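Asks: Counted from 1, the sequence shown has number 841 at position 841 by full-length UniProt numbering; the numbering is strictly sequential. We put the CB at the ideal spot given by N, CA and C, even for glycine. Note that the structure is a prediction, hence the values are computed from the model and not measured.
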Amino acid sequence: MDLKFEIAGRVQGVGFRPFIYRIATRFGLKGVVFNDGEGVKIFASADKLKIEKFKKALFAELPPLAKIEKIKITETLPQNFTDFKIVKSENSQIFTPILPDFAICDDCKMEFYDTKNERFHYPFINCTNCGPRLSIIKALPYDRKNTTMNVFKMCEKCEDEYKNPLNRRYHAEPISCRKCGPELFLKNMQGKILASGEDGVKKATELLYAGKIVAVKGMGGFHIMADACNFEAVKTLRERKHRPNKPFAVMCKDENMAKKIAFISPFESKILNSNIKPILILKMKNSQNFMQNDTNNFTENSEILPNFNENSENLKKNKNFKASSNLQQNENFKINSQDSWQIGEDYIKLAQNIAPNLDKIGIFLPNTGLHLLLFEYFSNPLIATSANISGEPIIFNEDVLLKKLFNVVDFYLDNNREILTPSDDSIAQSLYFTDDFDEIDKNGFVPNVFENQNLTQSEINGKNQFKNSHNSETFKQNIFFKKNEIFQKIENLKKAQIFDQNLNFKKNIKNIIPAFFSKFFNQVENSEKAEFLCQNSNKVKFCNQNEIIEKTDILKENEIIEKNLNFTKFSDETGLLQENAKVFKNINYKISNQDEILHINKSVFSEQNKFQNSITEKNVENSFKKSHNKISQKIGRSSNQNEISVRANNFTNYEISNQNNNFQNDESFDENFKFSNKNDIFRKSAFFRKSKISFLNKKEMYKKFEIQEKNAFSQKNGILNENQAKVENLFEIANIPNCFTRSKNLRKCMTENSIFNQKVQFLRTSRGLNPKIFISDFKCKGTFLALGSELKNQFAIYKDGLIFISPYIGDLKNIATFDRFLKLLQIFTDTYKLKFDCIIGDLHPNFLHTKYFEKQGFKVIKFQHHFSHLVCALAENSLLKSGKKFLGFSFDGTGYGLDGHIWGGEVMIFDEFCFTRVTKFEEFSLIGGDNAIKNIYKIAISLIFKFGIEKKAAKFLTKFDKNEVRNLKILEKKSIKTSSLGRIFDAFACVICHLDKITYDGESGMNLEKLYIQNYVKFYEFELKNGEIKFGKVFEQIFSDEPCVAATKFINGIAELISKIALKYENDVVLSGGVFQNKTLMNRISKNFAKIGRKFYANLENPTNDSGIAYGQLNAFLSQNDKE
1 MDLKFEIAGR VQGVGFRPFI YRIATRFGLK GVVFNDGEGV KIFASADKLK IEKFKKALFA
61 ELPPLAKIEK IKITETLPQN FTDFKIVKSE NSQIFTPILP DFAICDDCKM EFYDTKNERF
121 HYPFINCTNC GPRLSIIKAL PYDRKNTTMN VFKMCEKCED EYKNPLNRRY HAEPISCRKC
181 GPELFLKNMQ GKILASGEDG VKKATELLYA GKIVAVKGMG GFHIMADACN FEAVKTLRER
241 KHRPNKPFAV MCKDENMAKK IAFISPFESK ILNSNIKPIL ILKMKNSQNF MQNDTNNFTE
301 NSEILPNFNE NSENLKKNKN FKASSNLQQN ENFKINSQDS WQIGEDYIKL AQNIAPNLDK
361 IGIFLPNTGL HLLLFEYFSN PLIATSANIS GEPIIFNEDV LLKKLFNVVD FYLDNNREIL
421 TPSDDSIAQS LYFTDDFDEI DKNGFVPNVF ENQNLTQSEI NGKNQFKNSH NSETFKQNIF
481 FKKNEIFQKI ENLKKAQIFD QNLNFKKNIK NIIPAFFSKF FNQVENSEKA EFLCQNSNKV
541 KFCNQNEIIE KTDILKENEI IEKNLNFTKF SDETGLLQEN AKVFKNINYK ISNQDEILHI
601 NKSVFSEQNK FQNSITEKNV ENSFKKSHNK ISQKIGRSSN QNEISVRANN FTNYEISNQN
661 NNFQNDESFD ENFKFSNKND IFRKSAFFRK SKISFLNKKE MYKKFEIQEK NAFSQKNGIL
721 NENQAKVENL FEIANIPNCF TRSKNLRKCM TENSIFNQKV QFLRTSRGLN PKIFISDFKC
781 KGTFLALGSE LKNQFAIYKD GLIFISPYIG DLKNIATFDR FLKLLQIFTD TYKLKFDCII
841 GDLHPNFLHT KYFEKQGFKV IKFQHHFSHL VCALAENSLL KSGKKFLGFS FDGTGYGLDG
901 HIWGGEVMIF DEFCFTRVTK FEEFSLIGGD NAIKNIYKIA ISLIFKFGIE KKAAKFLTKF
961 DKNEVRNLKI LEKKSIKTSS LGRIFDAFAC VICHLDKITY DGESGMNLEK LYIQNYVKFY
1021 EFELKNGEIK FGKVFEQIFS DEPCVAATKF INGIAELISK IALKYENDVV LSGGVFQNKT
1081 LMNRISKNFA KIGRKFYANL ENPTNDSGIA YGQLNAFLSQ NDKE
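(1) Would you kindly report the start and end of the unbroken alpha helix (DSSP H) that includes R26?
(2) On a Cα-Cα basis, can you pick out the residue from E964, A262 and V1045 that is closest to E1009?
(3) Taking the DSSP output, what are the residues bridged to R917?
(4) Ordered along the chain, which non-local residues of its own chain (more than five positions away) have a Cβ less than 6 Å from that of K792?
(5) For E906, does the count of other Cβ atoms within 10 angstroms reach 16, so buried, or fall short, so exposed?
(6) Taking N1067 and K920 to be in contact with their CB atoms under 8 Å, please state how far apart those CB atoms are, rounded to whole angstroms.
(7) Nearest-angstrom Cα distance between D254 and N273?
(8) Using three-state DSSP, classify T421 as helix, strand or coil.
(9) Excluding the 5 residues preceding and the 5 following residue 1125 in the sequence, name in chain order all residues of the same chain whose CB lies nearer than 6 Å to its CB.
(10) Tell whether a beta-carbon distance below 8 Å holds between Q1113 and G788.
(11) Within 10 angstroms of the Cβ of E1056, are there 16 or more other Cβ atoms? Answer buried if so, exposed if not.
(12) Could you tell me which residues DSSP pairs with Y1097 in its beta bridges?
(13) Check whether the region 1073-1091 and the region 1046-1065 touch, using three or more Cβ-Cβ pairs below 8 Å as the test.
(14) Assuming I361 and I261 make a contact with CB atoms under 8 Å, what is their CB distance in whole Å?
(15) Roughly how many angstroms lie between the CA atoms of F740 and R240, to the nearest whole one?
(16) Report back the beta-carbon spacing between D359 and F778 to the nearest angstrom; my notes put them in contact at under 8 Å.
(17) So, under 8 Å CB-CB, T96 and Y142 are touching, yes? Tell me the CB distance rounded to an integer number of Å.
(18) Exposed or buried, what is C780 when buried is set at 16 or more other beta-carbons lying within 10 Å of its beta-carbon?
(19) State the start and end residues of the unbroken alpha helix (DSSP H) segment that holds Q869.
(20) Does the Cβ of F913 have 16 or more other Cβ atoms within 10 Å, making it buried, or fewer, making it exposed?
(21) Cα-Cα, which of I213, F231, N1083 and N230 is closest to H223?
(22) For a test of the three-state rule: what should DSSP assign to L1028, helix, strand or coil?
(23) Return the chain-ordered list of same chain residues with a C-beta closer than 8 Å to the C-beta of T115, the five sequence neighbours on each side being excluded.
(24) Quick check: what's the CA-CA separation for S176 versus M149?
(25) Thinking C-beta only, is L848 closer than 8 Å to F818?
(26) Kindly list the residues whose CB is nearer than 6 Å to the CB of K71, restricted to its own chain and excluding five residues on each side of it in sequence; keep chain order.
(27) State yes or no: is the beta carbon of F985 nearer than 8 Å to at least one beta carbon in chain B?
(28) By how many angstroms is the C-alpha of C180 removed from the C-alpha of I419?
(29) Let me confirm a value: E876 is counted as buried when at least 16 other C-beta atoms fall within 10 Å, else exposed. Which label applies?
(30) Specify the secondary structure class of L791 as computed by DSSP and reduced to three states.
(31) So what's G181 in DSSP terms, helix, strand or just coil?
(32) What residues in its chain sit with their C-beta under 7 Å from that of S379, if we drop five residues either side in the sequence?
(33) Can you tell which of I1013, A1116 and E1023 has the C-alpha that lies nearest to the C-alpha of R1084?
(34) From the DSSP output, in three-state form, read off E69 for me.
(35) Tell me the DSSP bridge mates of G1053?
(36) In whole angstroms, give me the CA-to-CA distance for P37 and V1017.
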């Protein structure tokens, strides 16, 4: 059997040919493999069985960097092959792809740490699966002689590896070792060598410990490094770089170190450890800014949340205090939200000025052997920020470093491997997408019982019936925690009725018998007899599990005992619980028939760390079985049908088995828990299925896909008086696990970029991602250049069916960055001998790169900015040529409109050919033009004038000079108009967060996100009127609402607005633009769309910010060209 394989994709320069050689020789194929202008060609001869094995291995064992985009297999005439060979490439020079630099692979990392390996601690270790590409290429084809490694002659050992097709370093062009490779030098800012090699690294780490600023030359340029735990070092760096607020990225030695800084889900772990090694934006553990929220500025009509500023020092010391999730958490606090896990005691305290006023942090792992070597001698995380002057590209040359950063850097760690083309670090974040939605209580919070999990349809209907028939008013509590009091005295509660009870479960027995508990919750009906007894108890009583059983015996068979046990220590022999146990006692549920009601006597709570050595594993098991038997009898199920066992194995393993198929509902439920030694019981995998619940048997099945239970704060139980006129300042915060993952989601989300509803969204595409070349679906002939936007620039090129996308370049308003744009473009034009038939650009008349090509004599075909955003999303989601019209939301900061105004809050009906603007945010004046984009208080004042709310905003206006305010009012009517939602975000952040100026892009949105209250779903309602989105009433309300509430309702309001507009149209929804970088907003949109049963498309692979504009421009042009 003789076949020809034609393979296209990322198959050149990634070890693909030696991979083919290895599997072909393994299965006894005869033939050849070579590169050509279209990809890789294989001629193979063997019997059918061997060919089938070869084809299976071709996809199953693909090299880490390789990607097959297209494969064509045809039969050929027999050829007399005697063996299998790699032969010389045929015409491969023209279309050999320029690949990005890739982070160190696991194989090289193992060799780096292997004391017996020749490359032990070698800083420039690499192989075919990793290492530099773009940064060292002089020309194509990609051979060593055409790279900056040509000055290093390979030693005999390296040359043998280079020529051996069975070796991982076969044709790895940067291959080297200590004998023949580049060298390291530690230098002062006069260029004097202080140390070299590994000794230079040691001395560099000593300087870092001393608080010095050290520049380190990595794969694609210099990083500026400092001790991330040294406040003074970080302060010095901020002062020298004139970077007051912009957060610094932090490099960690490994994931274990990263987990001591931030919350990392299993999905985020995969991103962090990938061969991209991007800067990943994560929720920070060590956040110190939570006390800065202004919660004192209330009016009579404002929504009220706790005043946490009062007695803040006592609050910090109170380990029993549970803060709402909108606030940043101190080391003694525990956070629960949909994308966070419990803080343990084992964490690293970063300098507070790493990410001022934020609860997020960018973390990435070492991408070269040099960075690994630094961490061999340095135990703290390191600031690793691009070495540049603000707004300019990364510095990669020693001379430029000494010239531009002489007053910033103290020392630098240099090497003699030349960088020709620099590259920045890629940036990513994970998003939580779902096809599930939340039910909401009357206070605007998501209920924290297990909503409809594992319930039969009748149980769900019963629960809904209860909610619909419950006519009592809900009541709102705001408990002030002072001097370690658990509750304050609550007065005048005679008429208060029960709406819900928040119980703090850390080990949730409901997961074991969810249907039983749900059965009883569903039977709760509205009744005037319902009572709520809450006592101010400073006298905390303690009893063991047997005492609880005795107390509840008086209820005979109408009872449920709910237990919350925080297990931190088991004895394999005695099963003693040693510490950290919480027991809610004397909570009696009296349930009989449907006409009976639920009575609650909640009088005694136990306290953490005061209950020891009193409950044995045997007691727990007996008590559990006793309660279970009574419950089973109550709902008509024999306890003999169920066997439930709890077993502790070596302090870690749990196994729970259940033999009753009716125990759970028809849809299986999967959940993963993890258990650890302190303050976190969920650290060992556990999986619940329909017929069996086994923590051990399902491990293999889900070996590849982990779930980490995420806890969400749920803030509930509002207390109102009869007229609901005045909200009492009583708000009880309860901390309950939120099991959000369902088995149906599990099955849907096992895709390349999604594990359990998490997806990766790239915000900057450079190292490890771009440049990239791929085959498009367009067939037209020609060479076209899409210039992209002026900010966050990337360009895109089309050549006879192939599309090239450049790495991130930056803001072209800066001359140095524009020069980099031209040089990088020159590399592509020279390498591929490109002559452009057409230039594609933005509608803006004053973009520097557009004017440059117009002066060169090119006719520039222009597309509107926001239309390009949306077409980019269409192309990424394979929606071109669908023949459909879409409803597009293009929300960002700035884009030149058809009317000459600044657009940025646009809703369009569109396809790849044209668009119709169906609505937009009402326009307002951008006083001062570009100056207002930095001085955002001018935008806020402009809105105050527009909506005529000077009196309402009087206190806010007193911060500013009266003459300036008067002058701004005069300028307001004459200024350029904008509909930008990005600018509206700025104005809201100015008022809510007291942020008068911004110093970096996205600062407003990130500050608003910091205040966001998880699970609080009330929203500001934007008005749709006369083809515009009116927001005057919304803006007025933020002056009276508490900041956390205002920020939350604003973000929720934007999400609700999108859903509201989507319901007016039948078209599928597309989202694009910089506003959709806001993770909180995207997660809320996902929830809302699940609720209304609609789907949406967004940018994930291509940045949703202006870096994606070029790809959108190119696809819009090609679509119209194909149509013609």
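Replies: Here's the rundown:
(1) The sequence position of residue 26 within the sequence shown is 26, counting from 1. In the DSSP annotation of this structure, the continuous segment of the alpha helix (DSSP H) that includes R26 starts and ends at F16 to R26.
(2) The residue you call residue 1009 lines up with position 1009 of the sequence shown. Cα-wise, what sits closest to E1009 is V1045.
(3) Walking along the sequence shown from the start, residue 917 turns up at place 917. BP columns for R917 point to M908.
(4) Taking the sequence shown and counting its residues from 1, one reaches residue 792 at position 792. Only N1105, D1106 and S1107 meet the Cβ criterion.
(5) Within the sequence shown, residue 906 is the residue found at index 906, counting from 1. Looking at its Cβ environment, which holds 16 or more other Cβ atoms inside 10 Å, E906 is buried.
(6) The sequence position of residue 1067 within the sequence shown is 1067, counting from 1. The sequence position of residue 920 within the sequence shown is 920, counting from 1. Not a contact, Cβ separation roughly 17 Å.
(7) As a first step, residue 254 is located in the sequence shown; it is residue number 254 there, counting from the start. As a first step, residue 273 is located in the sequence shown; it is residue number 273 there, counting from the start. The straight-line gap separating the alpha-carbon atoms of D254 and N273 is approximately 9 Å.
(8) Reading the sequence shown from its first residue, position 421 is the one you call residue 421. Note: T421 maps to coil in three-state DSSP.
(9) For the chain, the structure presents residues 1 to 1124; residue 1125 sits outside this window and is missing.
(10) Here residue 1113 refers to the residue found at position 1113 of the sequence shown. Here residue 788 refers to the residue found at position 788 of the sequence shown. Contact check for Q1113 against G788 passes: the beta carbons are separated by less than 8 Å.
(11) Within the sequence shown, the letter at position 1056 stands for residue 1056. In the assembly as shown, E1056 is a buried residue. Its beta-carbon has 16 or more other beta-carbons within 10 Å.
(12) As a position in the sequence shown, residue 1097 is number 1097, starting the count at 1. By DSSP's assignment, Y1097 forms a beta bridge with V1070.
(13) Between the region 1073-1091 and the region 1046-1065 there are three or more C-beta pairs closer than 8 Å, enough to call the two in contact.
(14) By one-based count along the sequence shown, residue 361 stands at place 361. By one-based count along the sequence shown, residue 261 stands at place 261. For I361 against I261, the beta-carbon gap comes to about 7 Å, under 8 Å, which counts as contact.
(15) Position 740 of the sequence shown, counted from the start, is the residue given in the question as residue 740. Position 240 of the sequence shown, counted from the start, is the residue given in the question as residue 240. Low local confidence applies: a pLDDT of 26 at F740 is under 50, so the model's placement there is unreliable, with the coordinate-based value given in what follows. Roughly 46 Å between the two C-alpha positions.
(16) Sequence index remark: in the sequence shown, residue 359 carries index 359 (1-based). Sequence index remark: in the sequence shown, residue 778 carries index 778 (1-based). A Cβ-Cβ separation of about 44 Å leaves D359 out of contact with F778 under the 8 Å criterion.
(17) As a first step, residue 96 must be located in the sequence shown, where it is residue number 96. As a first step, residue 142 must be located in the sequence shown, where it is residue number 142. About 6 Å; that satisfies the 8 Å criterion.
(18) In the sequence shown, the residue the question calls residue 780 occupies position 780. So C780 ends up on the exposed side.
(19) Your numbering for residue 869 matches position 869 in the sequence shown. The sequence as given places His at residue 869; Gln does not occur at that position. Secondary structure note for H869: its alpha helix (DSSP H) is the uninterrupted segment H865 to E876.
(20) The residue labelled residue 913 in the question sits at position 913 within the sequence shown. Note on F913: under 16 other CB atoms within 10 angstroms of its CB, so exposed under the neighbour-count rule.
(21) Within the sequence shown, the letter at position 223 stands for residue 223. Considering only alpha carbons, the answer is I213.
(22) Translated into the one-based positions of the sequence shown, residue 1028 becomes position 1028. Going by the sequence as given, residue 1028 is Glu instead of Leu. Under the three-state reduction of DSSP, E1028 is assigned to strand.
(23) Counting from 1 along the sequence shown, the entry for residue 115 is found at position 115. If we look at T115 and ignore the five residues flanking it on each side, it has no Cβ neighbours.
(24) Start at 1 with the first residue of the sequence shown, and residue 176 comes out as number 176. Start at 1 with the first residue of the sequence shown, and residue 149 comes out as number 149. Rounded to the nearest whole angstrom, the C-alpha separation of S176 and M149 is 9 Å.
(25) Counting from one through the sequence shown, the residue named residue 818 turns up at place 818. Counting from one through the sequence shown, the residue named residue 848 turns up at place 848. Contact flag set, yes.
(26) Counting from 1 along the sequence shown, the entry for residue 71 is found at position 71. Reading off the sequence shown, one finds Ile at residue 71, where the question assumed Lys. So the list reads I7, once near-sequence residues are dropped.
(27) Among the chains of the structure shown, chain B does not appear; only one protein chain is present.
(28) If you number the sequence shown from 1, residue 419 lands on position 419. If you number the sequence shown from 1, residue 180 lands on position 180. Rounded to whole angstroms, the separation of the alpha carbons of C180 and I419 is 18 Å.
(29) Within the sequence shown, numbered from 1, the residue matching residue 876 stands at position 876. The residue in question, E876, is buried, as its Cβ has 16 or more Cβ neighbours within 10 Å.
(30) By one-based count along the sequence shown, residue 791 stands at place 791. The answer is coil: DSSP assigns L791 none of H, G, I, E or B.
(31) Residue mapping note: residue 181 aligns to position 181 of the sequence shown, counting from 1. Coil, per DSSP.
(32) For the purposes of this step, residue 379 is taken as residue 379 along the sequence shown, with counting starting at 1. Excluding its 5 nearest sequence neighbours in each direction, S379 has no C-beta neighbour in its own chain below 7 Å.
(33) As a working note, residue 1084 is residue 1084 in the sequence shown. Across the set I1013, A1116 and E1023, the C-alpha of I1013 shows the shortest separation from the C-alpha of R1084.
(34) Your numbering for residue 69 matches position 69 in the sequence shown. DSSP, reduced to helix, strand and coil, places E69 within a strand of the structure shown.
(35) One-based indexing of the sequence shown puts residue 1053 at position 1053. According to DSSP, G1053 bridges with nothing at all.
(36) Counting from one through the sequence shown, the residue named residue 37 turns up at place 37. Counting from one through the sequence shown, the residue named residue 1017 turns up at place 1017. With the sequence shown as reference, residue 37 is identified as Gly, and Pro is not the correct amino acid for it. Whole-angstrom Cα-Cα distance: 55 Å.
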